[in-house]
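Visitor: Quick one: this structure, given as structure tokens, is what I'll be asking you about.
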Amino acid sequence: MMLKQLAVGDRAKVCGFADTGGPYRRKLLSMGLTPGAELLVMRVAPMGDPVEIRVRGFALTLRKGEADALTVEKL
Numbered sequence: 001m002m003l004k005q006l007a008v009g010d011r012a013k014v015c016g017f018a019d020t021g022g023p024y025r026r027k028l029l030s031m032g033l034t035p036g037a038e039l040l041v042m043r044v045a046p047m048g049d050p051v052e053i054r055v056r057g058f059a060l061t062l063r064k065g066e067a068d069a070l071t072v073e074k075l
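For reference, each letter of the sequence shown is one residue, going 1 to 75 in the UniProt record's numbering.
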């Protein structure tokens, strides 16, 4: 499942990265979005871009391209 498929208030666990997410992979890893990390969807903009999540105790805002690079498992 992709991050963009989650609604506000949903919890998920990072599973990995999409095949098309190559350019964003290193950036997402450096921001703490490693496989196994749990996240909470805090806000989604009306057009779906950006998405605010809470991961490892801090708030993080991802643009559509970055969010599409992430695969998650809903908890």
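Don't be surprised by glycine CBs; every beta carbon is placed ideally from N, CA and C.
Rounded to a whole number of angstroms, what is the C-alpha to C-alpha distance between Pro46 and Ala12?
Guide: Going from the Cα of Pro46 to the Cα of Ala12 covers about 21 Å.
Visitor: Please list the segments of the alpha helix (DSSP H) lying wholly inside the UniProt domain "Ferrous iron transporter FeoA-like" (1-74), counting only runs of 4 or more residues, in order along the chain.
Guide: Whole alpha helix (DSSP H) segments, 4+ residues: 22-30 and 64-68.
Visitor: Beta-carbon separation of Lys55 and Val8 under 8 Å?
Guide: In the sequence on display, residue 55 carries Val and not Lys. In this structure, Val8 does not lie closer than 8 Å to Val55 by Cβ.
Visitor: In its own chain, which residues sit with a C-beta less than 6 Å from the C-beta of Lys64, not counting the 5 before and 5 after it?
Guide: Result list for Lys64: Asp49, in chain order.
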